[in-house]
Structures are given as structure tokens and as C-alpha cells.
Amino acid sequence: MKPIIQEAYELARKQYAAHGIDTDAVLEELSRIKLSVHCWQGDDVRGFLFKEQELSGGISVTGSYPGAARTPQELRSDLDKAFSLIPGKHKVNLHAIYADTSEKVDLDELEPRHFQAWVDWAAQKGLGLDFNPTCFSHPKADDGFTLSHSDPAIRQFWIDHCKASRRIGAYFGESLGQPCVTNVWIPDGYKDIPADRLAPRVRLKESLDEVFAEQLDEAFNLDAVESKLFGIGSEAYVVGSHEFYMGYGLQNNKLICLDSGHFHPTEPISNKLSALSLFAPGILLHVSRPMRWDSDHVVILDDELLEIGRELVRGQLLGRTHIGLDFFDGSINRVAAWVIGTRSTLKALLRALLEPVQALREAELSGDYTTRLALAEEFKSYPFGAVWDYYCEQNGVPAREDWLSDVKAYEQEVQLPRGEEARV
Ligand code: RNT
Ligand code: ZN
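Residues in the sequence shown are numbered from 1 upward in steps of one, following the numbering used here.
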């Protein structure tokens, strides 16, 4: 521990203690929070199963920064580097297209064994795994429909893929001794105004019922469903809308996934958590950063991220909320993107844990909104950075921007020599 970091922490500890905030206990609590780090930032959502396939589903990665991972080994190496710069023990969120296998296998035929190398790696590193069926970037999703497709044969293919995915999730959970969240997101929707909004939703509901028919142990696999407002090519209508999945999730005991980029630009997900928490068995978050649309920019410590942290802490939702990250930026170093987004999310949680919640609540209840505002505002300049730096060093990772030189060296030695040739 650098003396200056230790000293700054001691001073900060006293300042927070004056408000009854125990920084040591806060750091203990922070260390128990696992973030689910999405693998797909590492290679622009390409995966390894269908290398020739373009990214589809109405999502898009922009930028051509060199050094993207081309193989499962490279992706794991990049993740190892990122995790060496992020305090705490976390999870990795895989998509089905990231299977690590030399077999030519289609999505409906995937089995746990195609992910064994991921499980072995996660076990060795003490990481958890989460999972997602990949209902896009595949010829059978070319017309933009999957589980709600009007052709029963295509629908069945995607049902089988989702069933296979849940079994893989359960295998992850059983192997690693912690539940895997298997999250279903589909792109289905119309570019222009539909003649029939109901029929695709009826089909989606029936497909989901079939997908979830097999009972799996919740100690190993937890199902989640993710809604969306619109995508590229589904601007007018998305089958799996928020209301659809709210209804489906509540009726069927599924986790409801809220992605911060999947609502109107002025409709933050932070304001939904308390309401949903009263009715939903649990929540999955896809923490993202929309800019004018669902652009999936790297998460930064902005007002909405801070507000999400506050809602989770103040509503005591950390125990039943699964916090996943979901962004993909191909215009900067991809390892740095993970480090920035994950560290920022942890900082937002730390900030929330270091706020004088009790005093703010009392001010509010007594109608003293002056105190509420003044205290909240003054606390923004309390020395949370000193606590964060201490936490980083305590966990053996670089404090402040010191991690950047590590990534720069890794980029020179490992990422840049990869070149582009093997990517397609
Ligand atoms: C798409 C959804 C979905 C994807 C990933 C790749 O809008 O947010 O979660 O980003 O599954
Ligand atoms: Zn998402």
C-alpha cells in the first residue's frame, strides 16, 4: 500500500465516520458485489461459431480499433488482463456464439461440452458465468424474426436453441457453485407500422412457454427476459416490448432484465427499480450508456449510473439484483473499455454506499428539502476517491489511472501483433 493512499484513506475514514458511515464495512460490502462482465466487448459481438456472419439483430458496433480477440484463447487472455485491473471477484457473461469448439455445430445443437474450456477457465480464476442464447447473426434470423417467427420450423429452431442455452446455463451454475443467469433477448420486430401487433406476441408467449417448460434447479440457472423499445430495422414495433416482458416475467417468475439503452432517451431505468422490486422475484440489469439511441457506449460515472447505484443501495436491492454490463465500443482499446466501464460501475456503487442515507431520509420525512438538497450536494465532494484508491490497492489492482500503462503495454505486446488477417 502506498503511504499516500493509506494516509488519504485514514483522513477520508474520519470524515465519513463523522456521519456514521463506516468505510471499512462499506468496502467489505462492495467486495461482495459481483458484476457480470460481458464477453462481447472483446471482439465486437462476433463470437467464434459463425465467423463469416455479419452482426445482425438491429445492434451495431462502430470503430475499427486494432487488436480485437480472434479466438477463445485470446478473449480469455484479454479478460484476464481486464480482471487484473478491476478490484473484486466477478462473473463473465457469455453468448452462445462464443462456444469454444472445433466442431461445426449449429445453435440448436449446442451442449455444455462446447463451453467446457470456459468453465475450466472460470473455475480456475474463481469467476462465475452467465449465459445468453444468440438469437441474431444467423441465417435463420435474417428477416428479423426468431422466437416469434410466423414459420413454425424457424420458430422451433430458436426454441431449441433457447432450451439448449438454459441447459448450458444450468451446467455453468452446477460446475461453478453459483447460479448462472440465462438471459433471453430477441430482436424480433418490424421496421414499419405492423398490420398485426398481437399475433407475433402470441407466438412469442407460446415459444417462451416451451423454452421454459423444462424445470431447472434455480440454484444453478435463473432465467431472465430482456425487453427493448426499438432497434435498427425494428423502429416501429418490437415484439418483446417492456410491457410484454413485465407481464411475462411476473406471471412466470422470471427475472426481468432492464437495459439502460432500451427505453426512451429521457426514461431512466433507475426510476424503475423500486417499483419493479415490489413485484418481481429479481432483476437483471444491463448497464449500458445510450447516446441519442441504444448506442451501447462504454459506461461512465454519469448521473444515471450514480442513480442506479443509489437505488440499489437505498432499496436494499443488491442481494436480488444481478448487475450485468452491456456495451460494445470498437473505437478504443477493448480491454480498456472493460476496465473503464466495470470500474465506473463499482465506483457508482461505492459512492452510493458512502452516502448519508439515514440523514437524507430524515430530512425528507420532516419536509426539510433544503437539508436534503444541501447534504446531497455537499456529499458529492466528499473524498470517495481516497476510499476507492484504498480499495484498489487493498485488492492488488492499480489505483487511479495507473492501470492505463498496463493496458498500453498489453496492447503493444499482445493485441497489436494480432493483426487483422485471421479475423474473418
Ligand atoms: C441488444 C441487447 C442485448 C445485446 C447482447 C449482445 O439490444 O441489449 O442484450 O446487447 O445480447
Ligand atoms: Zn442488453
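We put the beta carbon where it would ideally sit given N, CA and C, even for glycine.
- Here D294 is not near H264, since their CB atoms are 8 Å or more apart.
- Taking the Cα of L255 as reference, the smallest distance to any Cα among P179, H297, L204 is reached at P179.
- F131 is a Cβ neighbour of T182, given a cutoff of 8 Å.
- Put simply, the segment 218-227 touches the segment 156-175. At least three CB pairs are less than 8 Å apart.
- According to the DSSP assignment, H38 belongs to the beta strand (DSSP E) that extends over 35-38.
- A direct Cα-to-Cα measurement between L284 and E52 gives close to 31 Å.
- For a cut-off of 8 Å, the C-beta gap from H138 to F48 is around 14 Å, too long to register as a contact.
- In this structure, I186 has its CB at a distance of at least 7 Å from all heavy atoms of the ligand RNT.
- At the C-beta level, S274 and G324 stay beyond 8 Å of one another.
- Those residues placing their Cβ nearer than 5 Å to any heavy atom of the ligand ZN are, following chain order, D259, H286, D326.
- Inside the segment 194-218, DSSP marks whole alpha helix (DSSP H) runs of 4 or more residues at positions 198-211, from first to last along the chain.
- The DSSP-derived three-state label of K91 is strand.
- In its chain, beyond the 5 residues on either side, H114 have a beta carbon closer than 8 Å to the beta carbon of E103.
- In the structure shown, A99 falls within a coil segment according to DSSP collapsed to helix, strand and coil.
- Secondary structure note for H322: its beta strand (DSSP E) is the uninterrupted segment 321-325.
- Per DSSP, the continuous alpha helix (DSSP H) segment holding C392 begins and ends at 384-394.
- In this structure, C39 sits away from L11, with a CB-CB distance that is not shorter than 8 Å.
- Burial of F145 is indicated by the presence of at least 16 other C-beta atoms within 10 angstroms of its C-beta.
- With respect to D24, G330 sits apart: the two C-beta atoms are not nearer than 8 Å.
- DSSP lists L94, T182 as the beta-bridge partner residues of F131.
- In this structure Q41 is buried. Its beta-carbon is surrounded by 16 or more other beta-carbon atoms within 10 angstroms.
- The ligand RNT approaches K228 closely enough that one of its heavy atoms is under 7 Å from the residue's Cβ.
- In the three-state scheme derived from DSSP, where H, G and I count as helix and E and B as strand, D78 is classed as helix.
- Leaving aside the five residues that flank V119 on each side, the residues in its chain whose CB is nearer than 6 Å to its CB run, in chain order, S175.
- For V105, there is no enclosing beta strand (DSSP E), as DSSP gives it neither H nor E.
- Only exposed fits N253, as fewer than 16 other CB atoms lie within 10 angstroms of its CB.
- With a cutoff of 8 Å on beta-carbon distance, S270 and G58 are scored as not near each other.
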